[in-house]
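Asks: For what it's worth, full-length UniProt numbering labels the leading residue of the sequence shown as 1, then goes sequentially. Quick reminder that beta carbons are idealized off the backbone N, C-alpha and C, glycines included. Have a look at this one.
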Amino acid sequence: MGEGSAAQRDLLAVWRRMLLLGLPAVQASAVLAALLGRGDAWDRLVDPALYLVLSGMLVTAWLAVLRGHEVRAVTLLLTAGSGAMLSMKLLLLALLPLQRALLPELLETLVWLPVLITWTLLGDLSRPVRRTLNLTVLSVAAFSALLLLRPVTQGAALDVDALRALLQINLAAVVCLYGASYFVRRNDTLGRAQGEQQVLRQLVYTDLLTGLPGRVRLGEHLRELTERGGTFAALVVDVDAFKIVNDTLGHAAGDELLRGVAHELQRLVPAGSGVYRLSGDEFVVLLPHADASGAQWEAQRLLTHVPTRPSLQVGMDITLSIGLSVYPEDATDPDELLRHADSAMSAVKCAGRRQVRRYQPQQDAATERFQVLARDLSVALAREELSLHFQPVFRLSDLRPVKAEALLRWTHPQLGAVSPGEFIPVAERVGLIAPVGAWVLRAACLEALRWGDVTVSVNVSAVQLLQAEFPQVVQGALRDTGLSARRLELELTETAALYEDTRAAQTLEDLRALGVRLSIDDFGSGYSNLSRLRTLPITGVKLDRSCIQGLPDGPGGPFARALLEAVLGLTRHLPLDLTAEGIENAAQLTALRDLGCPLGQGHGLSHPLTAPDFRALLHTLPPSGGQAGAAAS
């Protein structure tokens, strides 16, 4: 915006200089034309008056420019005055019965067309100016007709030479004036387009808050350095606890802090270095000629000195975390080099902040993988990389599937299959669990519509459970898909929050009010609070696989049997559905049947199936449990 204002001021200055010099030149031409007159009655009586009016207009315009009047007002004065002089001369030539050489006088009127064009090109083509030009063209045409036809009405012959001259004058007026107007409008349009492109380039290449180059220019500089070869270093600089500054002092103070850090980085980096704003409170410093030891020294100097002034500006002690990587030792690819430096900075954050750390491949591999997963998981839904498999839950008495647990799968385009145990925690940490969970709910409900009366179970994390809007998400999935609430079961991970957090308790009540079923997953493996279990609005319990591992005759067999009998008694009393998880073989299945366990799940009964395979299972299973042994083997 500042650059645009400066350019506009420069243009106005040029316009004023041209008029201050051009108007006296036009005045001098008028004086010269008066001195060189032919001496006939017209030159003695009419031209002096016209030239006097012209001089008055020129002097008025010159003084207006000198005093700094607006471009629009001066342009309108000059355009209207010049058009009026041109029209007036044609009118006087038609009406005054004076001795005059008609053709020379008509040719003299052509001098006003270049004057009008000049004002049009130099000035502001506002709506009043455009109206004035239109009026000038119409008046020239009307007075030309009057000049040509008036003698004919008085009995004189048509002056063919005058006709030719007037046609040329009118044609020149139309072509020149409208052509000049078109040129001005076209030039203005091109100027706006170029200005917009310049603004877009500035937005792409420059961070508006700090004035630093942004990510695009950083990428270009990195590629230039790697193509040049040699050694250089990349530093990723992060402002520690920046969110606290925003939350406690306000976003204005946060912006001031970022501007201060940017200024200090630019001031303190060695000559020839580049400083960029990566995103949020992260900056990048490129040291074009630094080796590992030099980069470490420069990073330590920045860590010590950069926060001083920004801390005074916001009234709070500010610290930095800095990660660095060196080309070509740590990476030869520009993006990888920057990613390594970012990994080192993240490791500093985990280790307590306010340090400098170089990339260490073995230690930072997990951090980098987390960053890759977090980045790619954000677009996995849009790229349709997520899918659902379904593991059946069988009624153990006849091995009929009565439920199916929806299991989320992610096939990464480069990494291949990524375990839910790895990417679900990533989703929770980076705030993606809500959109991913909403997609799973809707996709599972949609698929369950094709299962007859079989229930679909969907896992819900503690993070989702603590979100106040989660019941509305569930209600929306049921409404959009048309699935009955009684055929949806939500499996809740057993955590302290499940039993003790009042928000979770309210969410559970809201969910039960919708009519969905609620089950505690992996019961017996963690926080099992039996006294709170009876107060929760749940409908089922899924016993963790570790509780049945000793069945029937393993080292922990007696304990597993006793535990199962206790849980069975509890669930019958409450009452709750009990599902034994992790059934691996026929012996475990037989033991669970003997104990009276109602439901079971595990690879010994069925592996997770794709949606078409599970539908095929529902259509092909026999109506009785006669083939139980085969199913369990």
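With a cut-off of 8 angstroms on the beta carbons, I'd call residue 523 and residue 501 a contact; round off their distance for me.
Replies: Going by Cβ atoms, the distance from residue 523 to residue 501 rounds to 18 angstroms, so no, they are not a contact pair.
Asks: Tell me whether the beta-carbon of residue 608 lies closer than 8 angstroms to the beta-carbon of residue 395.
Replies: no
Asks: Give the secondary structure of residue 634 by DSSP, where H, G and I count as helix, E and B as strand, and everything else as coil.
Replies: The structure shown does not extend to residue 634, since the chain spans only 1 to 633, so no value can be given for it.
Asks: Closest by CA to residue 614, which one among 388, 578 and 330?
Replies: 388
Asks: Measure how close the beta-carbons of residue 514 and residue 485 come, nearest whole angstrom, since I'm counting them as under 8 angstroms.
Replies: 5 angstroms
Asks: Confirm, please, whether the CB-CB distance from residue 458 to residue 441 is below 8 angstroms.
Replies: Contact: yes.
Asks: Name the DSSP beta bridge partners of residue 389, please?
Replies: 407 and 610
Asks: State the beta-bridge partners of residue 356 as determined by DSSP.
Replies: 322
Asks: Could you tell me the distance, in whole angstroms, from the CA atom of residue 474 to the CA atom of residue 269?
Replies: 53 angstroms
Asks: By DSSP's criteria, residue 412 is part of a beta bridge. Which residues make up the other side?
Replies: Residue 412 is bridged to 416.
Asks: Is the Cβ-Cβ distance between residue 376 and residue 340 less than 8 angstroms?
Replies: no
Asks: Are residue 611 and residue 592 touching if we call contact CB-CB under 8 angstroms?
Replies: no
Asks: What's the gap between the Cα of residue 625 and the Cα of residue 569?
Replies: In this prediction, residue 625 has a pLDDT of 45, which is less than 50 and means its spatial position is unreliable; nothing more can be read from the coordinates.
Asks: On the CB-based measure, 16 or more other CB atoms within 10 Å of its CB, does residue 646 come out buried or exposed?
Replies: The structure shown has nothing for residue 646, since the chain only spans 1 to 633.
Asks: Tell me whether residue 4 is buried or exposed, calling it buried when 16 or more other Cβ atoms sit within 10 Å of its Cβ.
Replies: Because residue 4 sits at a pLDDT of 48, beneath the cut-off of 50, its placement in the model cannot be relied upon, and the following sentence gives the value as read from the coordinates. With fewer than 16 Cβ atoms within 10 Å of its Cβ, residue 4 is classed as exposed.
Asks: Where does residue 474 fall in DSSP's three states?
Replies: helix
Asks: Using 8 angstroms for Cβ pairs, my map puts residue 86 next to residue 140. What's the rounded Cβ distance?
Replies: 6 angstroms
Asks: Please classify residue 161: does DSSP put it in a helix, a strand, or coil?
Replies: helix
Asks: By Cβ distance below 7 angstroms, which residues in the same chain neighbour residue 256 in space, the five residues on each side in sequence not counted?
Replies: Non-local beta-carbon contacts of residue 256 in its own chain, meaning distances under 7 angstroms to residues more than five positions away in sequence, involve 313 and 314 in chain order.
Asks: How many Å lie between residue 370 and residue 247 at the Cα?
Replies: Rounded to the nearest angstrom, the two C-alpha atoms are 27 angstroms apart.
Asks: Return yes when the Cβ of residue 320 is within less than 8 angstroms of the Cβ of residue 239, no when it is not.
Replies: yes
Asks: For residue 507, I'd like the list of residues in its chain whose CB is within less than 7 angstroms of its CB, leaving aside the five on either flank, ordered along the chain.
Replies: 465, 470 and 471
Asks: Kindly confirm or deny that the segment 346 to 363 and the segment 391 to 405 touch, where touching means at least three C-beta pairs closer than 8 angstroms.
Replies: no
Asks: At a Cβ threshold of 8 angstroms, is residue 449 touching chain B?
Replies: Reference to chain B is not applicable here, since this structure consists of a single protein chain.
Asks: I'd like to check one pair, residue 245 with residue 253: are the Cβ atoms closer than 8 angstroms?
Replies: yes
Asks: Leaving out five residues on either side along the sequence, give the residues of the same chain with a beta carbon under 8 angstroms from the beta carbon of residue 634.
Replies: No statement about residue 634 is possible, as the shown extent of the chain runs from 1 to 633 and does not include it.
Asks: Is residue 23 closer than 8 angstroms to residue 61 when the C-beta atoms are compared?
Replies: yes
Asks: If you compare alpha carbons, which of 494, 445, 539 and 337 is closest to residue 482?
Replies: Out of 494, 445, 539 and 337, 445 has the C-alpha closest to the C-alpha of residue 482.
Asks: If you draw a straight line from the C-alpha of residue 400 to the C-alpha of residue 621, how long is it?
Replies: One C-alpha to the other measures close to 8 angstroms.
Asks: In whole angstroms, give me the CA-to-CA distance for residue 292 and residue 477.
Replies: Approximately 54 angstroms between the Cα atoms of the pair.
Asks: Checking the sheet assignment: what are the DSSP bridge partners for residue 569?
Replies: Answer is none; residue 569 lacks a bridge partner.
Asks: In whole angstroms, what is the alpha-carbon distance linking residue 600 and residue 589?
Replies: About 8 angstroms.
Asks: Taking the alpha-carbon positions, what's the residue 455 to residue 437 distance?
Replies: Near 18 angstroms, if we compare the C-alpha coordinates of residue 437 and residue 455.
Asks: By DSSP's criteria, residue 674 is part of a beta bridge. Which residues make up the other side?
Replies: Limits of the chain in this structure are 1 at one end and 633 at the other, which puts residue 674 out of reach.
Asks: Leaving out five residues before and five after residue 226 in sequence, what residues of the same chain have Cβ atoms less than 6 angstroms from its Cβ?
Replies: 334
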